[in-house]
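Sequence lines, in order, name chains A and B.
Counting in the numbering used here, the final residue of the first sequence is number 490, and the numbers go up one at a time with none missing.
Counting in the numbering used here, the final residue of the second sequence is number 761, and the numbers go up one at a time with none missing.
See structure below.
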Amino acid sequence: MARRVPRRSFSPTMLRLVTAIFVLQLLASTLVILFLRGQMLDVVRLDHERQVIDVRDDLLAAYYDGGREELAGFITSRRGSAADPAVFIALIGKGPPVLSNLVRMPAIASAARPQPVMVRRGADQPPSEGLALAGLLPDGEQLVVGVVSLTERRIDLAFAATAGLTIALAVAMALLSALVVGFVISRRTHLIAETAAELASGNFGARVPIEGTGDGFDHLRQQMNLMAERIGVLVAQLGTVSGALAHDLRSPVARLSAAIDLALARASEPHTIEALQAARADADALRAMLETALEISLIEGGAVEDRRRPLDLAAVVEDLVELYEPLAEQSDVRLEARLAAVTAPADRELISRALANLIDNALKYGGAAVTVSTSQRQDPEGEGWAEIAVEDNGPGIAPADRARAVERFVRLDDARTRPGGGLGLAMVAAVARLHGGSLALSDPPSGRKGLVATLRLPC
Amino acid sequence: MAGRILLVEDDPQIADYILSGLAEEGFTVDRVGNGRDGLFLATDSQFDLVVLDRMLPGMDGLTLLKAMRAADMPTPVIMLSALGSTDDRIAGLTAGADDYLSKPFSFGELLARIHALLRRAAGGVRQVQDTTLRCADLELDRLTRQVRRGARKIVLQPREFRLLEYMLMHAGEVVTRTMLLEAVWDYHFDPGTNVIDVHISRLRRKIDDGEELALFHTVRGAGYRLAAD
Numbered sequence: 032m033a034r035r036v037p038r039r040s041f042s043p044t045m046l047r048l049v050t051a052i053f054v055l056q057l058l059a060s061t062l063v064i065l066f067l068r069g070q071m072l073d074v075v076r077l078d079h080e081r082q083v084i085d086v087r088d089d090l091l092a093a094y095y096d097g098g099r100e101e102l103a104g105f106i107t108s109r110r111g112s113a114a115d116p117a118v119f120i121a122l123i124g125k126g127p128p129v130l131s132n133l134v135r136m137p138a139i140a141s142a143a144r145p146q147p148v149m150v151r152r153g154a155d156q157p158p159s160e161g162l163a164l165a166g167l168l169p170d171g172e173q174l175v176v177g178v179v180s181l182t183e184r185r186i187d188l189a190f191a192a193t194a195g196l197t198i199a200l201a202v203a204m205a206l207l208s209a210l211v212v213g214f215v216i217s218r219r220t221h222l223i224a225e226t227a228a229e230l231a232s233g234n235f236g237a238r239v240p241i242e243g244t245g246d247g248f249d250h251l252r253q254q255m256n257l258m259a260e261r262i263g264v265l266v267a268q269l270g271t272v273s274g275a276l277a278h279d280l281r282s283p284v285a286r287l288s289a290a291i292d293l294a295l296a297r298a299s300e301p302h303t304i305e306a307l308q309a310a311r312a313d314a315d316a317l318r319a320m321l322e323t324a325l326e327i328s329l330i331e332g333g334a335v336e337d338r339r340r341p342l343d344l345a346a347v348v349e350d351l352v353e354l355y356e357p358l359a360e361q362s363d364v365r366l367e368a369r370l371a372a373v374t375a376p377a378d379r380e381l382i383s384r385a386l387a388n389l390i391d392n393a394l395k396y397g398g399a400a401v402t403v404s405t406s407q408r409q410d411p412e413g414e415g416w417a418e419i420a421v422e423d424n425g426p427g428i429a430p431a432d433r434a435r436a437v438e439r440f441v442r443l444d445d446a447r448t449r450p451g452g453g454l455g456l457a458m459v460a461a462v463a464r465l466h467g468g469s470l471a472l473s474d475p476p477s478g479r480k481g482l483v484a485t486l487r488l489p490c
Numbered sequence: 533m534a535g536r537i538l539l540v541e542d543d544p545q546i547a548d549y550i551l552s553g554l555a556e557e558g559f560t561v562d563r564v565g566n567g568r569d570g571l572f573l574a575t576d577s578q579f580d581l582v583v584l585d586r587m588l589p590g591m592d593g594l595t596l597l598k599a600m601r602a603a604d605m606p607t608p609v610i611m612l613s614a615l616g617s618t619d620d621r622i623a624g625l626t627a628g629a630d631d632y633l634s635k636p637f638s639f640g641e642l643l644a645r646i647h648a649l650l651r652r653a654a655g656g657v658r659q660v661q662d663t664t665l666r667c668a669d670l671e672l673d674r675l676t677r678q679v680r681r682g683a684r685k686i687v688l689q690p691r692e693f694r695l696l697e698y699m700l701m702h703a704g705e706v707v708t709r710t711m712l713l714e715a716v717w718d719y720h721f722d723p724g725t726n727v728i729d730v731h732i733s734r735l736r737r738k739i740d741d742g743e744e745l746a747l748f749h750t751v752r753g754a755g756y757r758l759a760a761d
């Protein structure tokens, strides 16, 4: 896996999600409460208006029945519909004002419908809200009938309590739903992310299980799988492309070499021969690179028959050192073998090729002394490893560049600037991997300068 | 040395190059472009050698070769192939090819191998059983592992001995670097640099230095030849 991300269900993203859910829920509840309150207040208000009109009608009936005396009596004795403690009545005009449930006459203009009004019902009581209807009697006196809004206040109190409860509930529900949603989303996304990590680490067979729910997550999973499928195909193509290219280039290169050879056979002019020989050398270098590219793609593709058998690696190294020794001597390089008997199951041809690449590289770029050694060691898990190390005392490779140096396509780039040397390490690494081993580049021990290329094979 | 060669190759340009090269060397070449015609010609007429491409239309080279061998035709066959891996080489050799050359190859390489096969078919193999190999005044005793040039005793490393032994077995023929790598070191890859040249020049110094007659000859574009002329 490329990078471990700490798995948390509650992250800043989740916090924002929770807040959003909470705010939305609160907003929704508040709107509902306000709407409900408005509706109820309307109902109560209509009720009060009707009550006010009823009382007024009763009062008018008494007035028409027995005149002002009868009306005043009706008011002061609070008969019939006027008995409600919430009802207040005032009659002001010719005689002394008749007040019921009131300290003084409320300030109100005549209107067809009851109006909101502030009234004081007792000397020691604060003014309270009410609904009153004012009108003029035929003899010019003003009659005010009203109802104190006690119910509204109780409703408001109830709604305040409800609002508090709602907020508390909203907080609780928002937290709970956020946790549940967060957990579910988190679990699903982590599952998808794990598959993505598998893909990133090179396992292109990794797929996200489809749950068939048909939601956005399923869509995401399907797209992930499609993408993985496509990546797998592309990577496979990429792997075979260099092989196919090398394969297709062989025939033209064969013709090129043949043409140069024919020309060489007929040439007599020394300059022409020189030029043709240079062309021939380049054609050979091109051919060698094609061979290597093709070989790598064959090995990487696993299209190589298993010809591993117990191989005396010391003998293999000895043969190769012997092969290269005259060349080393000619280039004033001291080539030495330091051998310990090691046997590992290996393909002699491939291991020899790989080792030839390492020695060739060391002779070309590695300074004045090259040592090839074999050794055997056990890692902490008890696995046995055979190691062939090629150490030189040249300029080496900077630690930062070592991982890159072994990569195939990166080396292809380098190969353009350094003909013939480019694919070598990639080839060695491919051979090592085919054997279940590895190629490692490191510094020589005890502070010497140079480079150690170690081919490790399981044994 | 001339001879009649059947060339079975479907790539017209490569066939042209091989054809003109071989004609220049004095060979009579019959050329066909597919496997079925190839098999027909090979069984119908007498050839000294067949140069056979592995991938052919009609009938592939391996099948053709197996059919020839099944019909008890001993004609030497050199197989050419764009498939250069060890697996392919082994498949070709097991099917009955006498030599296997992966494309691209140099014409010199092909020519040297054709000559070697023709010589072997003509009875040059006899030398394999000889205990003493000779070329002019150079003498190699395979039993005592002694090498002499005239009266001079030459001390050789084991590998130099095998190199010289191979050169002597193919005295007079052109021996390519690849042939030496295969026969003396048993490697079927190209080590890239001129490793073989350096080995040969070392051996050449031991054999030819101070002698009036040089036995080692460099053949341009192909390899080496050990001969008294």
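Where a beta carbon is used, it is the ideal one built from N, C-alpha and C, also for glycine.
| query | result |
| --- | --- |
| Any chain B beta carbon closer than 8 Å to A/Pro357 | yes |
| Pair within 8 Å by beta-carbon distance, A/Asp363 and A/Ala393 | no |
| Spatial distance of A/Leu251 from A/Arg76 (CA atoms) | 56 Å |
| At least 3 beta-carbon pairs within less than 8 Å: the stretch 223 to 243 of chain A vs the stretch 65 to 73 of chain A | no |
| Secondary structure of B/Arg757, DSSP reduced to three states | strand |
| Any chain B beta carbon closer than 8 Å to A/Leu293 | yes |
| CB contact check: A/Ala484 to chain B, cutoff 8 Å | no |
| Collapsed DSSP secondary structure at A/Glu172 in the structure displayed | coil |
| Cutoff 8 Å; reference A/Tyr355; Cβ partners in own chain excluding five residues on either side | Leu366, Ala387, Ile390, Asp391, Leu394 |
| Within chain A, the residues that B/Asp543 reaches when beta carbons sit closer than 7 Å | Ser282 |
| Contacting residues, own chain, Cβ-Cβ under 6 Å from A/Tyr396 (five flanking each side not counted) | Gly425 |
| Distance CB(B/Val706)-CB(B/His647) smaller than 8 Å | yes |
| Cutoff 8 Å: A/Ser288 Cβ touching any chain B Cβ | yes |
| Nearest residue (CA-CA) to A/Asp88, options A/Ile106, A/Ala201, A/Asp73 | A/Ile106 |
| For B/His647, the three-state DSSP class (helix, strand or coil) | helix |
| B/His749 at chain A interface by Cβ criterion, 8 Å | no |
| Cβ-based burial, A/His466 [other Cβ within 10 Å; buried from 16] | buried |
| Contact under 8 Å by Cβ, A/Val178 with A/Val74 | no |
| For B/Leu695 and B/Glu557, the rounded distance between their alpha carbons | 27 Å |
| Whole-angstrom distance between B/Leu584 and A/Arg435, CA atom to CA atom | 42 Å |
| C-beta neighbour in chain B for A/Leu354, strict 8 Å | yes |
| Member of B/Leu539, B/Met587, B/Ile550 whose CA lies at the smallest distance from the CA of A/Arg286 | B/Ile550 |
| Per-residue burial, A/Arg449 [other beta carbons within 10 Å of its own, 16 or more giving buried] | Confidence at A/Arg449 is low in this model, with a pLDDT of 45, below 50, so its placement is unreliable and no value can be given for it. |
| Rounded C-alpha distance that separates A/Leu257 from A/Pro240 | 12 Å |
| Proximal residues of chain A, C-beta to C-beta of B/Lys635 below 7 Å | Arg281, Ser282, Ala285 |
| Which listed residue (A/Met458, A/Ile64, A/Gly153, A/Ser406) has its alpha carbon closest to that of A/Ala201 | A/Ile64 |
| Pick from A/Leu488, A/Val437, A/Gly455, A/Met458 that is closest to A/Ser473, judged by C-alpha positions | A/Val437 |
| Per-residue DSSP class, three states only, for B/Gln545 | helix |
| Chain-order list of residues whose beta-carbon lies under 7 Å from that of B/Leu554 (same chain, five-residue window excluded) | Ile537, Val561 |
| Contact list for A/Glu229 against chain B, beta-carbon separation under 7 Å | Those do not exist, as A/Glu229 stays about 32 Å from chain B at its closest Cβ, beyond 7 Å. |
| A/Ser404 - containing alpha helix (DSSP H), residue span | It is not in any alpha helix (DSSP H) - A/Ser404 instead sits in the beta strand (DSSP E) that spans 400 to 409. |
| Buried or exposed by the 16-neighbour rule on C-beta atoms within 10 Å, applied to A/Leu102 | buried |
| Selected residue, minimal CA-CA separation from B/Gly481, among B/Val727, B/Arg709, B/Gly742, B/Ala760 | Here chain B has residues from 533 to 761 only, and residue 481 of chain B is not among them. |
| For B/Gln678, three-class secondary structure by DSSP | strand |
| Beta carbon proximity, A/Ala431 to chain B, threshold 8 Å | no |
| Pick from A/Pro158, A/Ala298, A/Arg379 that is closest to A/Arg338, judged by C-alpha positions | A/Arg379 |
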